[in-house]
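Just so we're aligned, residue 34 is where the sequence shown starts under our numbering, counting upward by one.
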Amino acid sequence: MISMSGKAIRKWWWLFALPTFAAFVVGFLVPFIMGVYLSFRKFTTVTDGKFVGFRNYYRALKDPHLVYSFLFTTLFAVITTIIINVIAFAIAYMLTKKFKGT
34 MISMSGKAIR KWWWLFALPT FAAFVVGFLV PFIMGVYLSF RKFTTVTDGK
84 FVGFRNYYRA LKDPHLVYSF LFTTLFAVIT TIIINVIAFA IAYMLTKKFK
134 GT
C-alpha cells in the first residue's frame, strides 16, 4: 500500500526535478551547444562569425603545441594519480595498524 505522501511524490515528481533540469540546461547544455557552434566559426568578440567548417579543428590538430599539451596533461595526470594514491595508502595504513599500548 502506498501512503498519501508517496502518491503526492509520484504525482508531482516533475515539479521537484524541474529546478535541477533547468540548472543543467542553463549551466551545461546551453554553453556546450554554443561552444560547438562557435568552434565551426572564425570570429572575434566584436565581429560576426564566418562559417569555416572543420578548418579550426584541422589547424588545431596540426599545431605541435597541442600534441605537447596532450602529452604533458596525460603525464601529469598519471604521476599525480600515483602520488596521491601512494600517500592515501600510507595514511590509511598508519591509521589502521595497531598502536602500541592498545
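No residue lacks a Cβ here, since even glycine has one placed at the ideal position from N, Cα and C. Just so we're clear, the structure is a prediction, and the values are computed from it rather than from any experiment.
Within the segment 64 to 88, not a single complete beta strand (DSSP E) segment reaches 3 residues in length. For Lys131, the secondary structure class from DSSP, reduced to helix, strand or coil, is coil. Arg74 sits close to Gly82, with the two beta carbons spaced by under 8 angstroms. Between Arg92 and Leu108, the alpha-carbon positions lie close to 24 angstroms from each other.
For Lys44, there are no CB contacts under 7 angstroms within the same chain when 5 residues up- and downstream are skipped.
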